[in-house]
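Residues in the sequence shown are numbered from 13 upward in steps of one, following this note's numbering.
Think of the CB as a built atom: it goes at the ideal place given N, C-alpha and C, for glycine as much as any other residue.
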Amino acid sequence: MKAVIPVAGWGTRFLPATKAMPKEMLPLVDKPVIQYIVEELLDAGIRDIVLITGRHKRAIEDHFDLNPELEAHLERSGKFELLEVVRKISRLVNPVFIRQKEQKGLGHAVLTARPALGNEPFVVALGDIVVKGANTVSRMLSIFSEYGRSVLALFEVPPDEVSKYGIAKVCPVGDGVYRIEEVVEKPSPEEAPSNLAVVGRYLFTPTILEKLEKTPPGKGGEIQLTDAIAALLEEEEVYAFKVDPGSVFDTGNKLDYLKTVITFALEREELKEELERFLRELLNRQRSIP
Ligand code: G1P
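Okay, structure coming up:
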C-alpha cells in the first residue's frame with residue numbers, strides 16, 4: 013500500500029523559522045518531524061511514500077536522498093554510527109514528490125496525489141502530529157483487511173480543544189472498532205458531536221478521491237478532507253479506532269511543539285539527567301523571583 017504525506021503548507025505559525033526551511037524539518041531533538049512520520053509508515057511496512065510538496069520544500073527531498081559527500085566524510089572520520097543513521101533513512105524509503113502548485117487546502121493536497129495512487133486504497137499521514145509507539149498505521153491496515161472500508165484513527169481531546177481538529181461521532185461495532193456516524197471539521201465546543209478528534213492518520217478507499225473532486229471549499233475557504241469524508245459516509249461505511257492520547261504528540265503549534273521536544277529529550281539517556289536538573293533549577297529560580 014502507498015501512503016501520502018501532505019507537506020506543502022507554509023508553516024506560518026513558526027515564522028520566521030519557516031521562511032526558508034520547511035516546518036516539517038523542525039527537529040524533535042535531532043530528528044526532523046517528517047522523519048518520525050515516515051518511520052511510522054515504515055514500521056507498518058509502507059515504503060512507497062508520496063510527498064505533496066510546494067516551493068521551499070527542497071530540504072525534504074534532500075533529506076530522503078543519498079548524500080555521498082556527507083557519507084564519505086563520516087566514513088573518513090570513523091563516525092560509523094552517524095553514518096548508519098544518515099544512510100538508513102534514504103535507503104528504506106521510495107519517495108515520490110508531487111508539487112501542489114496552489115495551496116487550496118488539505119483535501120486538495122490529497123487529491124494532488126491521485127496520479128501516483130491509481131485505483132487502490134491508500135494511507136494518509138499528516139505531518140503535524142507524531143503518534144509514538146502505538147502501531148497506528150498497522151492497526152489501520154488490519155481493520156481495513158477485515159472490513160474493506162476506510163479507517164480513521166481518533167483520540168480523545170479536552171472539550172476546549174475540539175475546535176483544533178476534525179471531530180467524529182461514532183458507534184461501537186466490537187473489538188475496539190467503531191463506525192463513524194458523523195464528522196465535522198473544527199467545530200465549536202457547542203457544535204461538536206463528541207470529543208473524539210481525528211489524529212491525522214487515515215486509510216482511504218479510492219472513492220475518497222471522487223468525493224474530493226466534488227468537495228467545495230469549506231472551513232477557512234479551503235477544500236477540507238473532513239468534508240470529503242462526510243460525503244464518503246453517504247456512500248460507504250467508514251470505520252475508526254481510538255489511539256491512546258498519551259502517544260499523540262502535536263508539533264503544529266509553538267507550545268505543543270516545545271512540550272514534544274522536552275518530552276522526547278527527557279526520553280534520551282544522554283540528555284535526561286542534565287535536562288531534568290536544568291528544568292528543576294529553572295523553575296525554582298523563576299518561583300523565587302517576586
Ligand atoms: C488537519 C485536519 C483535521 C485533523 C488535524 C489533525 O487540521 O483538517 O481534521 O484533526 O489535521 O492534526 P490542521 O491541523 O491541518 O489544521
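Residue i, DSSP secondary structure in three states
{"i": "residue 150", "result": "helix"}
{"i": "residue 20", "result": "coil"}
{"i": "residue 290", "result": "helix"}
{"i": "residue 162", "result": "strand"}
{"i": "residue 282", "result": "helix"}
{"i": "residue 188", "result": "coil"}
{"i": "residue 214", "result": "strand"}
{"i": "residue 243", "result": "helix"}
{"i": "residue 220", "result": "helix"}
{"i": "residue 46", "result": "helix"}
Closest residue to residue i among the options (Cα-Cα distance)
{"i": "residue 226", "options": "217, 232 and 236", "result": "236"}
{"i": "residue 256", "options": "183, 211, 84 and 79", "result": "211"}
{"i": "residue 73", "options": "19, 156, 148 and 287", "result": "19"}
{"i": "residue 171", "options": "186, 150 and 201", "result": "201"}
{"i": "residue 163", "options": "241, 289, 279 and 40", "result": "241"}
{"i": "residue 192", "options": "199, 238 and 144", "result": "238"}
{"i": "residue 97", "options": "274, 79 and 112", "result": "79"}
{"i": "residue 366", "options": "122, 50 and 110", "result": "Past the edges of the chain, shown from 13 to 302, lies residue 366, and the structure says nothing about it."}
{"i": "residue 179", "options": "301, 159 and 204", "result": "204"}
{"i": "residue 231", "options": "275, 176, 262 and 263", "result": "176"}
Contact test: residue i Cβ vs the ligand G1P heavy atom, cutoff 7 Å
{"i": "residue 141", "result": "yes"}
{"i": "residue 53", "result": "no"}
{"i": "residue 236", "result": "yes"}
{"i": "residue 233", "result": "no"}
{"i": "residue 138", "result": "yes"}
{"i": "residue 264", "result": "yes"}
{"i": "residue 36", "result": "no"}
{"i": "residue 66", "result": "no"}
{"i": "residue 210", "result": "yes"}
{"i": "residue 177", "result": "yes"}
{"i": "residue 40", "result": "no"}
{"i": "residue 360", "result": "An answer regarding residue 360 cannot be provided, because it is not within the stretch 13 to 302 covered by the chain."}
{"i": "residue 197", "result": "yes"}
Distance, residue j Cα to residue i Cα
{"i": "residue 108", "j": "residue 25", "result": "27 Å"}
{"i": "residue 87", "j": "residue 93", "result": "10 Å"}
{"i": "residue 120", "j": "residue 281", "result": "42 Å"}
{"i": "residue 66", "j": "residue 16", "result": "14 Å"}
{"i": "residue 38", "j": "residue 90", "result": "27 Å"}
{"i": "residue 248", "j": "residue 229", "result": "22 Å"}
{"i": "residue 116", "j": "residue 189", "result": "32 Å"}
{"i": "residue 244", "j": "residue 82", "result": "47 Å"}
{"i": "residue 68", "j": "residue 127", "result": "22 Å"}
{"i": "residue 71", "j": "residue 36", "result": "9 Å"}
{"i": "residue 252", "j": "residue 41", "result": "32 Å"}
{"i": "residue 199", "j": "residue 266", "result": "22 Å"}
{"i": "residue 129", "j": "residue 14", "result": "7 Å"}
{"i": "residue 297", "j": "residue 137", "result": "41 Å"}
{"i": "residue 53", "j": "residue 289", "result": "35 Å"}
{"i": "residue 161", "j": "residue 114", "result": "30 Å"}
{"i": "residue 32", "j": "residue 64", "result": "18 Å"}
{"i": "residue 48", "j": "residue 135", "result": "16 Å"}
{"i": "residue 269", "j": "residue 263", "result": "4 Å"}
Residue-chain proximity (residue i, chain B), Cβ-Cβ < 8 Å
{"i": "residue 79", "result": "Judged by its chain identifiers, the structure shown contains no chain B, having just a single protein chain."}
Contact test: residue i Cβ vs the ligand FMN heavy atom, cutoff 7 Å
{"i": "residue 230", "result": "Among the ligands modelled here, namely the ligand G1P, the ligand FMN does not occur."}
### Query
What runs of the alpha helix (DSSP H), each 4 residues or longer, lie entirely inside the stretch 65-146?
Uninterrupted alpha helix (DSSP H) stretches at least 4 residues long and entirely within the stretch 65-146 occur at 70-75, 80-88, 92-104, 118-124 and 126-129, given in chain order.
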